[in-house]
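Residue numbers (my numbering): 20 to 289.
Idealized CB from N, CA, C, for every residue including glycine.
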Amino acid sequence: MKYRMLVLDVDGTLVNAYGNINTKDKQAINQAVKSGVIVVLSTGRVVLACERILKELCLDGYHIFFDGALVSNPHTNDIVHSKPIPKEKVLATVDYCREISAYLELYSHSSFYADKANWTDEIHRLFFNVSIMLADLVEVGETKEILKMETIARHPNEFSLAENLQETLKDSLRFSIARSPAFPGVDFFNILEPDVSKGNALKTLCNHLGIPLEDTAAIGDGLNDISLMQTAGLSIAMGNAFPEVIAVADQVTTRVDDGGVSQAIYDYIL
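Structural data, given as structure tokens:
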């Protein structure tokens, strides 16, 4: 077996616009697991938003969450890596967002918070199966360990505010843009510590498990998957991936709606 670990992005790779996993992909993943391949999810999602997927695929090992800020096993609660954002950076971001009237969410290990409700609530509730907690973000920043901050843009003024935020904070925080086929035209601006990425998280996990990076394969479609593509031994872009992702990938499979994950598993893993 050439590849001991298969790392899968979630939205746009494993999960389609309707929040579903292709039956062919489930079967191929099951075959890979039975053959001894360690299957790892790598996502910007919170742990809670992956519980249904992990249960559906019967995956009980380590996974990468929050775009790499957390590497853990939700089944055992074992944490391999956690990189929270320092409190002073969180509070400075909250303060600046209030100053420019930008929407902001704060993510702890188990919950996420906003200080007001808006149109994004429906996205979280219906697609990611998580509910936002309304709270004073200053108090949250003072009392909770924050792994990720996020602002979401769909309207022109929201994009303008997100770009303003990125330009202002780019020297102290890293911005990672994620998109989901379920929400065309919506950008999720993940705000993380500078050295947090899916690629660095993969290095940490492989070191923990004693698996050489050259024995790993990764499949992804989004801009936040580029570091993962550049780190894995074999990188496979989805047919629906961004051109920038396809440009750095070793191989290209079919689209998410056509079972691109299963095609890649049969072509390169099994």
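Which of the three DSSP states, helix, strand or coil, is assigned to His94? Numbered from 1 along the sequence shown, position 75 holds the residue referred to as residue 94. It is coil, neither helix nor strand.
Which parts of the region 56-97 are runs of the alpha helix (DSSP H), unbroken and 4 residues or longer, counting only runs that do not cross its ends? 70-76
Provide the residue(s) that pair with Gly248 in DSSP beta bridges, ordered along the chain. On the sequence shown, residue 248 is found 229 positions in, with the first residue counted as 1. One point to set straight first is that residue 248 is Met, not Gly, in the sequence displayed. Its beta-bridge partners do not exist; DSSP assigns none.
Terminal residues of the alpha helix (DSSP H) in which Ser179 lies: Position 160 of the sequence shown, counting from 1, holds the residue named residue 179. Element bounds for Ser179: Pro175 to Leu188.
Tell me where the beta strand (DSSP E) around Tyr37 begins and ends. Within the sequence shown, residue 37 is the residue found at index 18, counting from 1. Neither: Tyr37 is in no beta strand (DSSP E) and is coded neither H nor E.
Can you say whether Arg64 is buried or exposed, counting buried as having 16 or more other CB atoms within 10 angstroms of its CB? As a working note, residue 64 is residue 45 in the sequence shown. Under this definition Arg64 is a buried residue.
Presumed contact (8 Å Cβ cut-off) between Glu169 and Phe208, rounded CB distance: As a first step, residue 169 must be located in the sequence shown, where it is residue number 150. As a first step, residue 208 must be located in the sequence shown, where it is residue number 189. Right, the Cβ-Cβ distance comes to about 6 Å (below 8 Å), so this counts as a contact.
Reduced DSSP secondary structure (H/G/I, E/B, other) of Glu169: Taking the first residue of the sequence shown as 1, we reach residue 169 at position 150. Of the three classes helix, strand and coil, the one that applies to Glu169 here is strand, per DSSP.
Closest to Leu76 by C-alpha separation, out of Ala68, Gln282 and Gln46, would be which residue? One-based indexing of the sequence shown puts residue 76 at position 57. Of the candidates Ala68, Gln282 and Gln46, the one whose C-alpha sits nearest the C-alpha of Leu76 is Gln46.
Who does Ser195 pair with in a DSSP beta bridge? Taking the first residue of the sequence shown as 1, we reach residue 195 at position 176. DSSP lists Asn209 as partners of Ser195.
Please report the straight-line C-alpha distance between Asp277 and Ile151, rounded to a whole angstrom. As a working note, residue 277 is residue 258 in the sequence shown. As a working note, residue 151 is residue 132 in the sequence shown. Rounded to the nearest angstrom, the two C-alpha atoms are 33 Å apart.
Within 10 Å of its beta-carbon, does Pro5 have 16 or more other beta-carbons around it, so buried, or fewer, so exposed? Since the displayed the chain opens at 20 and closes at 289, residue 5 lies outside it and no answer follows.
If I measure Cβ to Cβ from Gln270 and keep anything under 6 Å in the same chain, skipping five residues before and after, which residues do I get? If you number the sequence shown from 1, residue 270 lands on position 251. Once the five neighbours on either side are set aside, the close Cβ partners of Gln270 are Ile255.
For the alpha helix (DSSP H) containing Thr162, name the first residue and the last one. Residue 162 sits at position 143 when you count from the first residue of the sequence shown. Counting along the chain, the alpha helix (DSSP H) containing Thr162 begins and ends at Leu156 to Thr162.
Can you give the beta carbon distance from His94 to Leu60, rounded, assuming they're within the 8 Å contact cut? Here residue 94 refers to the residue found at position 75 of the sequence shown. Here residue 60 refers to the residue found at position 41 of the sequence shown. Going by Cβ atoms, the distance from His94 to Leu60 rounds to 12 Å, so no, they are not a contact pair.
Ignore the nearest five residues each way along the sequence and tell me which others in Tyr22's own chain have a CB closer than 8 Å to its CB. The sequence position of residue 22 within the sequence shown is 3, counting from 1. So the list reads Val56, Asp234, Thr235, Ala236, Gly252, Leu253, Tyr287 and Ile288, once near-sequence residues are dropped.
For Ala237, does the three-state DSSP call read helix, strand or coil? Indexing the sequence shown from 1 puts residue 237 at position 218. Three-state DSSP puts Ala237 in a strand.
Around the C-beta of Glu177, are 16 or more other C-beta atoms found within 10 angstroms, so that it is buried, or is it exposed? Within the sequence shown, residue 177 is the residue found at index 158, counting from 1. With 16 or more other Cβ atoms within 10 Å, it is buried.
Use the C-beta contact count for Glu124: other C-beta atoms within 10 angstroms, 16 or more gives buried, fewer gives exposed. For the purposes of this step, residue 124 is taken as residue 105 along the sequence shown, with counting starting at 1. It is buried - the Cβ of Glu124 has at least 16 other Cβ atoms within 10 Å.
Cβ neighbour criterion (16 or more within 10 Å) applied to Leu87: Numbered from 1 along the sequence shown, position 68 holds the residue referred to as residue 87. Reading the sequence as shown, one finds Gly at residue 87 and not Leu. It counts as buried.
Cβ pair Ile171, Val205 closer than 9 Å: The residue labelled residue 171 in the question sits at position 152 within the sequence shown. The residue labelled residue 205 in the question sits at position 186 within the sequence shown. Yes.
Return helix, strand or coil for Val99, following the three-state DSSP convention. Along the sequence shown, one-based indexing puts residue 99 at 80. Three-state DSSP puts Val99 in a strand.
Taking Tyr132 as the reference, give the member of Thr162, Tyr115, Pro105 and Glu107 with the closest Cα. Taking the first residue of the sequence shown as 1, we reach residue 132 at position 113. With distances taken between Cα atoms, Tyr132 lies closest to Thr162.
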